[in-house]
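Residue numbers (the numbering used here): 27 to 842.
What follows is one structure encoded as structure tokens, with my remarks underneath.
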Amino acid sequence: AAFEQLRNYMSHLPENEIPDLWMVCDFETIKLSRRSTNEEYTFKTKDLRKHIKRFANIAGYTTERTRDDQIEVNVRAAEKMAKLHDQLKTHGYDGHELRVYLVRLLFCLFADDTGIFPKDSLYRYVEASKPDGTDLSERISKLFEVLNMPSEVRDKRTLLSDELKQFRYINGKLFNDYLPSAEFDAKMRQTLIDCLNFDWNKISPAIFGAMFQGVMDKDQRRELGAHYTSEENILKLINPLFLDGLWQEFDKVKTDPTALDRFHEKVARLKFLDPAAGCGNFLIITYRELRLLELEILKMKSSTTQLTLDISPMLKVSVEQFYGIEYESFPCQIAQVGMWLTDHQMNLRVSEQFGVYFARLPLSQSATIVHENALRIDWESVVSKHQLSYILGNPPFVGHQFRNAQQKEDMNFVYKDSSKSGKLDYVCCWYKKAVDFMENTAIKAAFVSTNSIVQGESVSVMWKPIFEQGFEITFARTSFLWNNEAKGKAAVYCIIVGFAKSGLIKAKRLFQDDVVIDTSNINGYLLAAPNVFIQSRGKPLTHGMPEMSKGSQPTDGGNLILTGEERELLITEFPQSDNWIKRYISADDFINNKLRYCLWLKGVMPKEYRSMKPIMNRLEMVADTRAKSPTASVRRDADTPMLFTQIRQPESQYLVVPEVSSEKRRYIPIGYMEPNVIASNMVYIVPDSTLYIFGVMTSNVHMAWMRVVCGRLKSDYRYTPAVYNNFPWPDATESQVDEIGKLAKAVLDAREEYAGNSLADLYDPLTMPPELRKAHQNLDRAVMKLYGFPIKDFSEADCVAALMQLYQKHVESECR
């Protein structure tokens, strides 16, 4: 009563004079409320010392709940639900019924702590059941029935107990369908009471939803905190997509009542679609942020006009503005409930702000969350594209090599007119569906994606048609670690790309780490540069450069390859075989200085090895392996098992470039090999390569180009001939070529000082010797100078953008 009296006093104060911290005390108990966070604390006066930090801002200190605290609250809540889930499942309650049952219980637990139900009424209702739990199932079923019972029906049920009448009609179809009863025992009853003892008002629907889904899978549950998307990362997408602009517009109109009304109406008309909704994280955070903006609008209106006691007509933003498509049914239900929970949390914020209690009950408004395959249905059947404002989300991360049969069919369905879509990642389907849907509209969109879609061949295959269709990238965030700061986090490098019809947004924004670049164009490689598409080509762009190829391919089932021990045994028995056993290198062998060998029988007369049983056994197995191949050319090569299927071994010294190298290295380790070392198909080779060529290729300029143009294997660099063949070489004088050659030789000499170390040892950023690092830095500066690039204040992105302009000039000169 005293606290309500205090609330009444506060309602008469001007907005800017209402304090954040409210307290009442009867000398034995203190009740404390923090207005800005909607948190309440009740504790004994004798325990004041334990709670002194709650008053810290009075003394000029600031305290805030840490993200880890919020995660911990949600993890603990999910663990309680997990325990109840397992007990119900053990007793035979499973499948769809169990999932719906838990979603309903979640809503009730939340309702009991947030004023939807009378405070602790559900707790008392469960406590009133028999200690052995035998009547609890019936009581819960009756509760679910009553929550789905409109007032006019209740009025006719004259024998309905007051115990049940206290629970409000919920509607929203949450309690609509019949559910078979779930049996309880004493242990399960206590688990439910433990859940009721938890403060569900503290959960974040955005975080908890994905964790709740994880409850259903014991393997996922080990890393329960890893299964959600952090609010910080969601804001990285929605802020530049629309939220920053809305707040800027609010600042312009907030002192003009008429303009503010128009702005409020505009915000209430916005509609959002997440076509890969999952548990609704993006929709929930977006809705929350719009409601916070609306709250500020209402504060401004209240400063100039008297708000009525009924605040509901003033609240125009609703869950009905939100749409989602999700492939799995359970996340759909979680997303729906998550939106309701967020709606109620925001209604409590409004109630707290204006001292007028408001709850949107019964649930007459719902977000539209459709259980469908987003790649197969017409999005127009979910929401009209002429009413939709924004498309956003986090579609599935599935590399092209990891797609299952269903996903391959989806790709073929979406990209039915493209012959090259097989090389694209699954996420590209959402971009294609989005741009087709957005045709002839002002819709703006943004997706989180793996960085593979802005690297390698994907750029020309995916982005070129999108640009030709009249769309452009409006903002982007370059590669960053997409994680959730939770234990057991599942982290991956991602990008964010915003896109819309060309001309809708003039000023483009590129977010690179902590730098924001304002530019007129963002290309498919996420560079502030003109649209350039690096195409596959068979020969170098710059005339006169030696050609690059893969090494030789054995296709032998491993039977032509020998370990060091196998080599020694064979030479011991047949000493003459030493002439035909050559060192053999893959990318891993080359980088880590591993010793492997191969039988290299090219040019060797059959009579010299036909009597050697170990060799003949190997050749027999090679022939058998090739004969069973699905590839016709390999089956033909079964007739020549003594030879590699593809032989490209140079007869002179050659340059080796590993196909795959760690993304942690600043430089891909490349180097020279003698012709008696057989290069496998896991490395690329450049015969007759001069020190000048080696110098430019190992420089930071070529490495910057590589990082953008190459493909990726997981996050590691995957070098391809497209990197080398499309690289624009500088015009160099003879003296410049000599200078680069000398500096390149210094790099090789620095390696020689550490001859016992592998290239992996030498090029680890943490163990790179200072002499080698200095040699590379000297070479880097010289190559930058060669291109005419400034040494200082010239980022890697600037370097690649300049190289792309050179590339464009080369291509244009070819066409003339």
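No residue lacks a Cβ here, since even glycine has one placed at the ideal position from N, Cα and C.
| Query | Result |
| --- | --- |
| Contact set for V660: own chain, Cβ-Cβ below 8 Å, skip 5 residues either direction | T581, R652, T671 |
| Alpha helix (DSSP H) runs wholly inside the segment 268 to 303, at least 4 long, in chain order | 270 to 279, 283 to 295 |
| Environment of G419 [buried if 16+ CB atoms lie within 10 Å] | buried |
| H397 - DSSP class collapsed to helix/strand/coil | strand |
| Contact set for V749: own chain, Cβ-Cβ below 6 Å, skip 5 residues either direction | M732, V735, C736 |
| Spatial neighbours of P339 in its chain, beta-carbon cut-off 6 Å, leaving aside the 5 residues before and after | none |
| Cβ neighbour criterion (16 or more within 10 Å) applied to Q362 | buried |
| Short Cβ contact (7 Å threshold) for A108 with G159 | no |
| Where the alpha helix (DSSP H) containing E646 begins and where it ends | 639 to 653 |
| Rounded straight-line distance, which links the Cα of R75 to that of R91 | A caution first: R91 carries a pLDDT of 42, below 50, which makes its placement in the model too unreliable to give a value. |
| Close-in-space but distant-in-sequence residues of the same chain around L272 (CB under 7 Å, 5 per side omitted) | V293, L319 |
| Boundaries (first-last residue) of the beta strand (DSSP E) holding I711 | 709 to 713 |
| Residue from S486, A472, K79, F224 whose Cα sits closest to the Cα of A103 | F224 |
| Completely contained alpha helix (DSSP H) runs for the segment 166 to 241, where each covers 4 or more residues | 177 to 182, 188 to 191, 212 to 222, 231 to 241 |
| 6 Å CB neighbourhood of R248 in its chain, flanking five on each side removed | Annotation note: pLDDT 49 at R248 (below 50); position unreliable, no value reported. |
| Segment contact flag, the segment 295 to 313 with the segment 408 to 415, C-beta cutoff 8 Å, min 3 pairs | yes |
| E700, buried or exposed, once every other Cβ within 10 Å from all chains shown has been counted against 16 | exposed |
| Same chain, Cβ closer than 7 Å to H802, five either side skipped, listed in chain order | Y693, V773 |
| CB contact below 7 Å: E43 versus chain C | In the structure shown, chain C cannot be found, because there is only a single protein chain. |
| Opening and closing residue of the beta strand (DSSP E) in which R674 lies | It is not in any beta strand (DSSP E) - R674 carries neither H nor E in the DSSP assignment. |
| Nearest-angstrom Cα separation, counted from P796 out to I611 | 28 Å |
| Sequence-distant residues of the same chain with beta carbon closer than 6 Å to G364, five excluded per side | P231, G235, G306, I310 |
| The segment 489 to 497 / the segment 451 to 465 touching (three or more Cβ pairs under 8 Å) | yes |
| Rounded C-alpha distance that separates H253 from K228 | Only weak support is given to the placement of H253: the predicted model assigns it a pLDDT of 44, under 50, and the value that follows is read from those uncertain coordinates. Each residue's alpha carbon lies about 19 Å from the other. |
| Proximity to S207 [Cα-Cα], best of A808, Q192, Q561, R165 | R165 |
| First through last residue of the beta strand (DSSP E) which encompasses Q892 | What is shown of the chain runs 27 to 842, which leaves residue 892 out entirely. |
| Secondary structure of P684, DSSP reduced to three states | strand |
| Inter-residue CB distance, L173 and Y195 (contact presumed, cutoff 8 Å) | 7 Å |
| With 16 other Cβ atoms within 10 Å as the buried cut-off, status of G514 | For G514, the predicted structure reports a pLDDT of 46, less than 50, and the residue's modelled location is therefore unreliable. A value from the coordinates is still provided. With fewer than 16 other Cβ atoms within 10 Å, it is exposed. |
| Start-to-end residues for the beta strand (DSSP E) that takes in S59 | 55 to 60 |
| For L645 and H836, believed in contact at Cβ under 8 Å, the rounded distance | Their Cβ separation, rounded to whole angstroms, is 47 Å, which puts H836 and L645 out of contact at 8 Å. |
| The segment 469 to 480 touching the segment 521 to 541, judged by at least three CB pairs closer than 8 Å | yes |
| For A808, the first and last residue of its enclosing alpha helix (DSSP H) | 796 to 813 |
| Per DSSP, the bridge partner or partners of D615 | In the DSSP output, where bridge partners are listed per residue, D615 has none listed. |
| Cβ neighbours of V648 in the same chain (closer than 7 Å, five flanking residues each side left out) | D582, G583, N585, L586, P667 |
| For E209, the nearest candidate out of L267, V129, L114 (CA to CA) | L114 |
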